[in-house]
Each structure stands twice: as structure tokens, then as C-alpha cells.
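Reading through the C-alpha cells given below for one structure.
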């Protein structure tokens, strides 16, 4: 003879593929610990006998659901027997169920839940046996203990209602938080009713059969505690505490992956993206009755899962969720090449390229372009610091960040934020080490883009001002040249601006993306990677490559533009360098250290 001990798990639901439940020949089943098959049947608002007499009249038990777990029949001819050994919830044994005798005498287990308990978090009653059922009720909300329920056989509708009403009174602080509810709305959150689905402005009381239940009031979180770009709504209970069964959004329940019902909470904060109030919240903050709070985000299976970050990281968590779920990325100006997004290797939606057009000597500029994503218009990051924009609206199609090559802290000091179609804003740092930026006092740049003709000098002037304020010593090119020598200003980034013409590189040539950043009257663009000055009629431009330290913020080499021009001026003003009308000039071009230059050969007099 073989006897198999069967464990019934009352957490199971009739959902195919969930927690080992499968469907065979129209019947839901799951495997017990012994490997045997347990059948599972569900009844929503079951019909129960109205009274104990012999008539068969039945009525619905509203707002509840029943699950029946049946162990296999014995195979007596093979001497194989099955007996109920344990009732458990998600692997945890339930105690107090053997007070009326051994569990082995029962072949069926019935468990009762609130109908609104979508994930079967909180079982209320257990019935052992079929036909003549022995009933138990939950003893408390924090343990797995059960006690005998005084329901005589046969159980009637009124008997069930009486015991369940007692349990509702005991657990009257259990609520479902309605995430659809707007500010100044109220709702009765208890799962034994459907009132929580329809918030009102006047839910002054919530009671049934003499029991008062929790009323939840919704208010908007103000006072500057919610980061820009987000909105927060606070759900506060009457009576100052509540236990959470789950949440409700749209027309569906959103449960917690791990039950939180055993903890008392003072309130729940729900955070959303500004302008997307109808979407699911990005984040829940559960404030415990003991004064601590915990953050929850939506996991891959649509359940609330705990975050490993705290409320001190509120901005970081919200930005991360906004990026993952809405493709809204906080630009990270620490990135100098390649792609990035959301801080995760599998997200590569922002392209970074070095921008070379109109960049003064001693500085480097990088262009960040979104591809299949949008930039956060409130914040950006650099070297683990979060910075804020001021007075910025609309969308961002690209960000130009300017750095001083001599700044050991690698801080961006000037930005151009492109809004597309030639529109954008310039920003500069407001103070050293500060995280705020301003668009004020930039009148010389305001109406121009980084590729606008003749803007290079204005960019350099603003960069020098910021460097001076921060105490950064940068190597600057001369702002003007002596008359007769041409403007001759040359860029350490590989662009040449002078009286003989200038080269231009557009954002489209710099990297992927559709960002428009050309001002009216801009000169034709050079080929990507090329630096030939079209005004000179061609030639080779030995501009810095990506692996050149000078091109990514390293110190410039000694053969800079200023040194060459000074040598040329010294030669021209010397005795041997005097040029008369009889001189035949031959223009040649050559490259030195990434600059374009010209020299004059003079015929002997």
C-alpha cells in the first residue's frame, strides 16, 4: 500500500500559466507537493441556500469568490491512497485547521476571498470537506492562524454574511487605493464594496451594518517637494492609518508582488509624469505608520515591486522610470562619444558626437542627439551632478555642450539647447559648483545657433566670461588680427574662420538624428571629417581625431594658432619680410597641429 500526503495551496487562481496552474479538458489543475494532480474550481458570487429548510431557493453571495481545491481519488485496486496533509498559502502552512480532527479525513478545501482581491492576497474563510463542511475564519491580519467559525450545517446565505461581516469589521482598515482619483476627491476604499471605483467630492461617511470603514481623501502634493516634470497625489485615510490590499487604475487592479497588507500606512503618494495624468503612476511611496517610507515601481509583470532606493533619491527614481517607460531621457553631458540612455547598456537612444564648427581654440564642444527618445526639458546630468534648466518650454532636439580643455573638473560651462527649425536657447552656468543655469546676459548669442556665420567670436567671449568667473585658465585664440593679415583666427577643434572663408559642420553631419540647427545665411557645410576651407579653394585639413586627447578635453599642443600667427607677424614686420608692390605672392597651404595656415613667398629685390 502506498499513501501520498497532499499539500493544498490556497493562493492558486484559475489563471492558465500562473503559479503552475494549467488547463486540461476544460478543468484547471496544478501539481501538489507529491506530484499528484489537484483540481481547481472557481465560483464568483456563488449562489447559496437562502435558509436552512428543505427548499432549494438560492441567492448570490455578492462581492465574494470561492475556490474549491480537490485532491485525487484513491486507487484502491492498486492500493494507492491520497490524504490531505497540509493547507498552505504560497508554501506557508496555515495553522489552527485541525481542531476538529485530522486533515486526512477531508478531500476538498474551499477558500473564500473578497471579489476585489484580484491577486488572492488575503483569504478570509476556509471550508474543509464536501457536503458537510467545517468552516474556519481568519484570526488576524498579520499571521497564518485560523480559528473555528460558528456556521452550522447546512451553511446558509445569512450565516456566510454574518461571519464575513464580522471579518470586515475586524479588518475595516484594509483599502484599495484608486490611482485614477483626482485631487479633492474621496472614496471608500474597503474591498467588500465597489465604492472605491467611483470617487466623489462628498464621501463624508462609509459604513455598513454598523461598521465604519476608511475614507481615503486625495490631495495634490505641493510645496516644492515634487521634482519639476512630475506631479504627486497623496491618498490619506480617515483614522490616520490603513492597510493596503492593492491599487486600482483604469478598470484594472494592480497588485503588489509581495503582500504589504500586514503593515499599517499613514498615506500613499502616487507620482505621475506631468501632462500624463491618465497614465499609470511611475512610482508609489508608502509612508509607514512608524515614520519610514518605501518606494515601489512597476515591474515587468505589471506588479508593484520594491525599489532599492529611498525617498532621498526621489528625483533619480522618477527620472529613471520616466526614461524606461516613456522614453524621456535626462541628458548626461559626461558622455563624450557613442550612445547612452537610462543608465543601462541595452538602451542606446542618445548619440554623442564632437561638434567642431565655430568652436574657439582651447575649448571642445559635443552634440547630444536623441534617436527614438525625447530629452527631459527640466534637468540634465554631468559628472554625477543633476542640473536644472530655467524658463525652458517645448521639446529638445539636440544639446551642444562646451567645455574648457584646461578644466580638470570637466564641467560644461555653456550650452545651446536646440528646439528644432533653427530655434533654441543658450544657457551658461550661474556660479562655480552650482547646479543651476541661466539664459540671461547672453544677448550676443540669443538669436543665433552654433552654426550661424560670424558667431565664433561671440561664443568665445561668453566662454571667457564664464571661465573668468570660475577661475579657469583656458588658452584662447586672439579675438582680432592686425589689419592686412586677414582675420586668420583658427580653431583648435579643426574649424577655420577668416576673411577668406569658413568651414561649417551641421548636426546632421556630426551624427544621427534629424536635428535642425542652421541659421539663415549659413555657409555651405564641409564634408564630414574634412576641414578644407572652401574659401581657399581646397587643401588638406589635419583636424583632431576622436582619439586625440586634445579633441576630448586634453591640453592643446604647443603649435597652437596664436603661436603661428605671432611668428608670421614678426616675419612680415622685419626687414626681410617687407613686401612691396613688386612682390609676387604664391598661396600655399599646409597643416600644423590641426590648424589651417597660409604663407607668403617673396621674390628677392
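In the working numbering, the protein residues as written are 22 to 626.
Glycine included, every Cβ here is placed at the ideal spot set by N, Cα and C.
Model, not experiment: these values are computed from the prediction.
According to DSSP, residue i sits in a beta bridge with which residue or residues?
i           : result
residue 435 : 423, 449
residue 257 : 238
residue 101 : 23, 96
residue 62  : 89
residue 408 : 401
residue 73  : For residue 73, which the question treats as bridged, DSSP gives no partner whatsoever.
residue 307 : 289, 315
residue 264 : 195
residue 457 : 409
residue 232 : 229
residue 49  : 44, 61
residue 81  : 68
residue 29  : 108
Is residue i helix, strand or coil when you go by DSSP?
i           : result
residue 215 : coil
residue 479 : helix
residue 297 : coil
residue 241 : strand
residue 227 : coil
residue 491 : helix
residue 466 : coil
residue 37  : coil
residue 13  : Because the chain is modelled from 22 through 626, residue 13 falls outside the range shown and cannot be assessed.
residue 485 : helix
residue 204 : coil
residue 277 : strand
residue 430 : coil
residue 109 : strand
residue 16  : Past the boundaries of the shown model lies residue 16; the chain is included only from 22 to 626, so the question cannot be answered.
residue 55  : coil
residue 414 : coil
residue 443 : coil
residue 221 : strand
residue 284 : coil
residue 246 : coil
Could you round the C-beta distance between residue i and residue j to whole angstroms and report it? I think they count as a contact, below 8 Å.
i           : j           : result
residue 285 : residue 264 : 6 Å
residue 84  : residue 136 : 5 Å
residue 110 : residue 31  : 5 Å
residue 396 : residue 420 : 7 Å
residue 389 : residue 250 : The Cβ separation is near 18 Å, so there is no contact.
residue 151 : residue 128 : 7 Å
Would you verify that the beta carbon of residue i is, or is not, closer than 8 Å to some beta carbon of chain B?
i           : result
residue 413 : Annotation note: the requested chain B is absent from the structure, which comprises a single protein chain.
Measure the C-alpha to C-alpha separation of residue i and residue j and round it to an integer number of angstroms.
i           : j           : result
residue 202 : residue 304 : 16 Å
residue 100 : residue 195 : 48 Å
residue 267 : residue 274 : 7 Å
residue 175 : residue 149 : 13 Å
residue 348 : residue 393 : 8 Å
residue 363 : residue 309 : 30 Å
residue 488 : residue 459 : 15 Å
residue 241 : residue 205 : 8 Å
residue 391 : residue 160 : 57 Å
residue 56  : residue 189 : 37 Å
residue 339 : residue 292 : 8 Å
residue 77  : residue 322 : 44 Å
residue 574 : residue 351 : With a pLDDT of 37 at residue 574, under the threshold of 50, the modelled position of that residue is not reliable, and no figure is offered here.
residue 147 : residue 315 : 33 Å
residue 515 : residue 483 : Because the pLDDT at residue 515 is just 39, under 50, the model does not fix this residue reliably, and the value given afterwards should be weighed accordingly. Taking the straight line joining both Cα atoms gives about 20 Å.
residue 375 : residue 462 : 26 Å
residue 155 : residue 132 : 12 Å
residue 59  : residue 369 : 47 Å
residue 438 : residue 289 : 37 Å
residue 451 : residue 457 : 6 Å
residue 23  : residue 42  : 26 Å
residue 239 : residue 222 : 10 Å
residue 318 : residue 327 : 6 Å
residue 466 : residue 320 : 45 Å
residue 181 : residue 53  : 29 Å
residue 359 : residue 387 : 11 Å
residue 167 : residue 34  : 21 Å
residue 27  : residue 125 : 9 Å
Closer than 7 Å to a non-hydrogen atom of the ligand ADP - does that hold for the CB of residue i?
i           : result
residue 303 : The ligand ADP is not part of this structure, which contains no ligands at all.
Every unbroken alpha helix (DSSP H) inside the region 312-400 [4 residues or more]: 335-347
Complete runs of the beta strand (DSSP E) confined to the region 131-190 [at least 3 residues]: 146-149, 155-159, 167-169
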